[in-house]
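**Q** For the sequence shown, the numbering used here assigns the number 6 to the initial residue and increments by one for each residue that follows. Quick reminder that beta carbons are idealized off the backbone N, C-alpha and C, glycines included. I'd like to ask you about the structure that follows.
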Amino acid sequence: MSEQRHVKVMIIGSGPAGYTAAVYATRAMLEPVLFQGIQPGGQLTITTEVENWPGDSMVMGPDLMVRMEEHAKATGAEIISDHINSLDLSKRPFTAVADSGAVWTADAVILATGAQAKWLGMASEEKFKGFGVSACATCDGFFYRGQDVVVIGGGNTAVEEALFLTNFASKVTLIHRRDSLRSEKILQDRLFKNPKVEILWDTTLEEVTGTEDPLGVEGVQVRNVKTGVISEIPCKGVFIAIGHAPSSELVKDQLETHMGGYVVTAPDSTATSIPGVYAAGDLTDHIYRQAVTSAGMGCMAALEAEKFLAEMEADDSRSKVA
Ligand code: FAD
Ligand code: NAP
6 MSEQRHVKVM IIGSGPAGYT AAVYATRAML EPVLFQGIQP GGQLTITTEV
56 ENWPGDSMVM GPDLMVRMEE HAKATGAEII SDHINSLDLS KRPFTAVADS
106 GAVWTADAVI LATGAQAKWL GMASEEKFKG FGVSACATCD GFFYRGQDVV
156 VIGGGNTAVE EALFLTNFAS KVTLIHRRDS LRSEKILQDR LFKNPKVEIL
206 WDTTLEEVTG TEDPLGVEGV QVRNVKTGVI SEIPCKGVFI AIGHAPSSEL
256 VKDQLETHMG GYVVTAPDST ATSIPGVYAA GDLTDHIYRQ AVTSAGMGCM
306 AALEAEKFLA EMEADDSRSK VA
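Here's what the structure looks like:
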């Protein structure tokens, strides 16, 4: 028979939101259990320098997340290396089933499942995924030493990926669909000054081209959206950096969502449409999507869960007396 356990608070996700919720919930004596999922540490584990985490003028993303995990553990949080496959929020206690087969019930749930990279959705992108097409320069940049690569996108991720790739590639072409970048100005300055970078404005990716045997990228076909002219750029790597979508698969049919799957929370709160269920971090935030804002929401979720559980306990005692 599979393991079954009951906890007061279950935290799903191990990014800045999840670990911060764990620190606060443990210090409120709620004995939380945190599930790390398939990306322990979350999105910051696939980047390099983080320069906007207060208190650290520069910290490596993976190091920061190891520190957050250690902090959560040191306060006494139970960290479980498992992925939640299904979550039933229709009645309390809420029930979660993990990949391992373990069944967990909880009086309150903090959802901190973050976001995942988006893809363009074209057949040739899919075909060459893992064979020259990637969404993670930190993971795959090393394979492109001395070669030409392209990056698609114009936000912080695209600019950071392009800059990171200049450490390996001989040339990095940033392809952006508009004539201005969305990324922070400080990153744009670095990009414009880098001699290895060329920017193709007003340009979209039409197709990734390459060899069949062995499967590998040889170039991209791009289109200038103003002139309609199609051209070819030879390259060995294509990095897609067009943003992130919320990881709301577990709850999208049970909670109110908006803007393409972001979980809706009450104003100035992490409360979702179901009492006792809280959502924090990139899962609920389509505007800021930063480590520090995610951590802030993790704190709010734990404090709100504490208040909810205290009220639930008070109601229980009153009904026993009556
Ligand atoms: P995430 O970090 O997305 O973590 C989600 C967690 O949920 C993961 O641990 C995952 O395993 C887990 N999970 C998902 N589904 C399940 C499930 N079913 N069961 C169990 N666990 C699950 N922000 C900054 O402030 N500064 C930066 O410099 C910066 N650089 C970035 C660079 C890159 C390349 C990227 C992609 C993002 C960057 N960001 C940066 C944004 C920042 O990483 C996010 O805002 C932040 O990580 C969001 O935290 P989160 O806790 O909401 O979720
Ligand atoms: P983003 O800010 O949403 O930017 C996505 C980029 O991809 C935009 O430039 C967008 O173009 C482009 N794009 C979207 N769909 C496209 C499509 N179908 N075809 C072509 N281009 C497309 O996403 P992000 O850069 O991944 O950043 C996500 C969040 O993480 C942001 O809040 C960001 O600040 C944060 N983050 C922060 C840091 C940091 O602080 N250093 C680093 C990385 C990420 P348009 O501009 O035309 O819309």
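Taking only the alpha-carbon atoms, compute the straight-line gap between M317 and A307 and give it to the nearest angstrom.
**A** In the sequence shown, residue 317 corresponds to position 312, counting from 1. In the sequence shown, residue 307 corresponds to position 302, counting from 1. Straight-line Cα distance between these residues: approximately 15 angstroms.
**Q** So, for D145: in the same chain, excluding its five sequence neighbours on each side, which residues have a beta-carbon less than 6 angstroms away from its beta-carbon?
**A** Here the question's residue 145 lines up with position 140 in the sequence shown. S139, listed in sequence order.
**Q** What's the C-alpha gap between T171 and V230?
**A** For this step, residue 171 is matched to residue 166 along the sequence shown. For this step, residue 230 is matched to residue 225 along the sequence shown. Each residue's alpha carbon lies about 26 angstroms from the other.
**Q** Using only CA atoms, which one of L210, H249 and E261 lies nearest to V234?
**A** Numbered from its first residue, the sequence shown carries residue 234 at position 229. V234 has its Cα closest to that of L210, out of L210, H249 and E261.
**Q** Report the CB separation of L255 from L92 in whole angstroms; it is logged as a contact under 8 angstroms.
**A** The residue you call residue 255 lines up with position 250 of the sequence shown. The residue you call residue 92 lines up with position 87 of the sequence shown. That pair is a contact at about 5 angstroms.
**Q** Starting from Y29, trace the alpha helix (DSSP H) in both directions and tell me its first and last residue.
**A** One-based indexing of the sequence shown puts residue 29 at position 24. Its alpha helix (DSSP H) spans residues P21 to R32.
**Q** Cβ-heavy atom distance between V288 and ligand 2 below 7 angstroms?
**A** Within the sequence shown, the letter at position 283 stands for residue 288. Here the sequence assigns Leu to residue 288, which means Val is not the residue at that position. False, no ligand heavy atom lies under 7 angstroms from that Cβ.
**Q** Relative to the C-alpha of A111, which residue among G60, G281 and F148 is closest?
**A** As a working mapping, residue 111 is identified with position 106 in the sequence shown. The shortest C-alpha separation from A111 is found at G281.
**Q** Quick one: what's K201 bridged to in DSSP?
**A** For this step, residue 201 is matched to residue 196 along the sequence shown. Its beta-bridge partners do not exist; DSSP assigns none.
**Q** Among L94, S105, T80 and V71, which one has its Cα closest to the Cα of S86?
**A** Counted from its first residue, the sequence shown places residue 86 at position 81. Of the listed residues, the one whose Cα sits closest to S86 is S105.
**Q** Can you give me the Cβ contacts of E83 inside the same chain, cut-off strictly under 6 angstroms, excluding the 5 residues immediately before and after it?
**A** Translated into positions along the sequence shown, residue 83 becomes position 78. Same-chain partners within the cutoff: V38.
**Q** How do the stretch 268-277 and the stretch 166-184 stand: do at least 3 beta-carbon pairs fall below 8 angstroms, yes or no?
**A** The stretch 268-277 is not in contact with the stretch 166-184.
**Q** Counting along the chain, where does the alpha helix (DSSP H) carrying N161 start and finish?
**A** As a first step, residue 161 must be located in the sequence shown, where it is residue number 156. N161 to L170 is the span of the alpha helix (DSSP H), which, as asked, contains N161.
**Q** Does the beta-carbon of E75 have 16 or more other beta-carbons within 10 angstroms, so that it is buried, or is it exposed?
**A** Your numbering for residue 75 matches position 70 in the sequence shown. Label assigned to E75: exposed.
**Q** Identify which residue in T52, M34, K241 and G20 has its Cα closest to the Cα of T216.
**A** As a first step, residue 216 must be located in the sequence shown, where it is residue number 211. Comparing Cα-Cα distances from T216 to each of T52, M34, K241 and G20, the minimum goes to K241.
**Q** Are G160 and G286 close, meaning C-beta to C-beta below 8 angstroms?
**A** Residue mapping note: residue 160 aligns to position 155 of the sequence shown, counting from 1. Residue mapping note: residue 286 aligns to position 281 of the sequence shown, counting from 1. Their beta carbons are not under 8 angstroms apart, which means G160 does not touch G286 by this criterion.
**Q** For G151 and K190, I'd like the C-alpha separation in whole angstroms.
**A** Position 146 of the sequence shown, counted from the start, is the residue given in the question as residue 151. Position 185 of the sequence shown, counted from the start, is the residue given in the question as residue 190. About 28 angstroms.
**Q** Please state whether DSSP places V234 in a helix, a strand or coil.
**A** The residue you call residue 234 lines up with position 229 of the sequence shown. V234 falls in the coil class under three-state DSSP.
**Q** Suppose the cutoff is 7 angstroms on Cβ atoms and the five residues either side in sequence are ignored; what does the same chain contact list for G221 look like?
**A** Residue mapping note: residue 221 aligns to position 216 of the sequence shown, counting from 1. So the list reads F136, G137 and G215, once near-sequence residues are dropped.
**Q** For a test of the three-state rule: what should DSSP assign to P67, helix, strand or coil?
**A** Start at 1 with the first residue of the sequence shown, and residue 67 comes out as number 62. The answer is helix: DSSP assigns P67 an H, G or I state.
**Q** Comparing the CB of Q295 with every heavy atom of ligand 2, is any distance shorter than 7 angstroms?
**A** Sequence index remark: in the sequence shown, residue 295 carries index 290 (1-based). Checking the Cβ of Q295 against ligand 2 gives yes.
**Q** What is the rounded straight-line gap between the Cα of V202 and the Cα of E56?
**A** Translated into the one-based positions of the sequence shown, residue 202 becomes position 197. Translated into the one-based positions of the sequence shown, residue 56 becomes position 51. Those two C-alpha atoms are separated by around 22 angstroms.
**Q** Assuming the contact rule is C-beta atoms closer than 8 angstroms, A276 and T25 should be a hit. Round their C-beta distance to whole Å, please.
**A** Position 271 of the sequence shown, counting from 1, holds the residue named residue 276. Position 20 of the sequence shown, counting from 1, holds the residue named residue 25. The pair is not a contact, with the Cβ atoms about 17 angstroms apart (cut-off 8 angstroms).
**Q** With a cut-off of 8 angstroms on the beta carbons, I'd call P21 and A296 a contact; round off their distance for me.
**A** Walking along the sequence shown from the start, residue 21 turns up at place 16. Walking along the sequence shown from the start, residue 296 turns up at place 291. Contact holds; Cβ gap of about 5 angstroms.
**Q** Let me know if F169 comes out buried or exposed under the rule of 16 or more other beta-carbons within 10 Å of its beta-carbon.
**A** Mapped onto the sequence shown, residue 169 falls at position 164. It counts as buried.
**Q** Report the CB separation of E30 from A310 in whole angstroms; it is logged as a contact under 8 angstroms.
**A** The count along the sequence shown starts at 1 and reaches residue 30 at position 25. The count along the sequence shown starts at 1 and reaches residue 310 at position 305. Looking at the sequence shown, residue 30 is not Glu but Ala. With 8 angstroms as the limit, A30 and A310 qualify as a contact, their Cβ atoms being about 7 angstroms apart.
**Q** Just verifying my parser: in three-state terms, what is the DSSP assignment at K96?
**A** Residue mapping note: residue 96 aligns to position 91 of the sequence shown, counting from 1. Looking at K96 - three-state DSSP - the assignment turns out to be coil, as it is neither helix nor strand.
**Q** Can we count R228 as close to ligand 2, meaning its CB is less than 7 angstroms from some heavy atom?
**A** On the sequence shown, position 223 is the one that residue 228 refers to. No, since every heavy atom of ligand 2 falls outside the 7 angstroms radius drawn around the Cβ of R228.
**Q** Output the distance between the C-alpha atoms of A122 and R182, rounded to the nearest integer angstrom.
**A** Taking the first residue of the sequence shown as 1, we reach residue 122 at position 117. Taking the first residue of the sequence shown as 1, we reach residue 182 at position 177. Going by the C-alpha atoms only, they are around 18 angstroms apart.
**Q** In terms of residues, what are the limits of the beta strand (DSSP E) holding V256?
**A** On the sequence shown, residue 256 is found 251 positions in, with the first residue counted as 1. Counting along the chain, V256 falls outside any beta strand (DSSP E), and DSSP gives it neither H nor E.
**Q** Evaluate V326 with the Cβ neighbour count: other Cβ atoms within 10 Å of its Cβ, from every protein chain shown; 16 or more gives buried, anything less gives exposed.
**A** Here the question's residue 326 lines up with position 321 in the sequence shown. It counts as exposed.
**Q** So the beta strand (DSSP E) D153 belongs to, where does it begin and stop?
**A** Counting from 1 along the sequence shown, the entry for residue 153 is found at position 148. First-last of the beta strand (DSSP E) with D153: D153 to I157.
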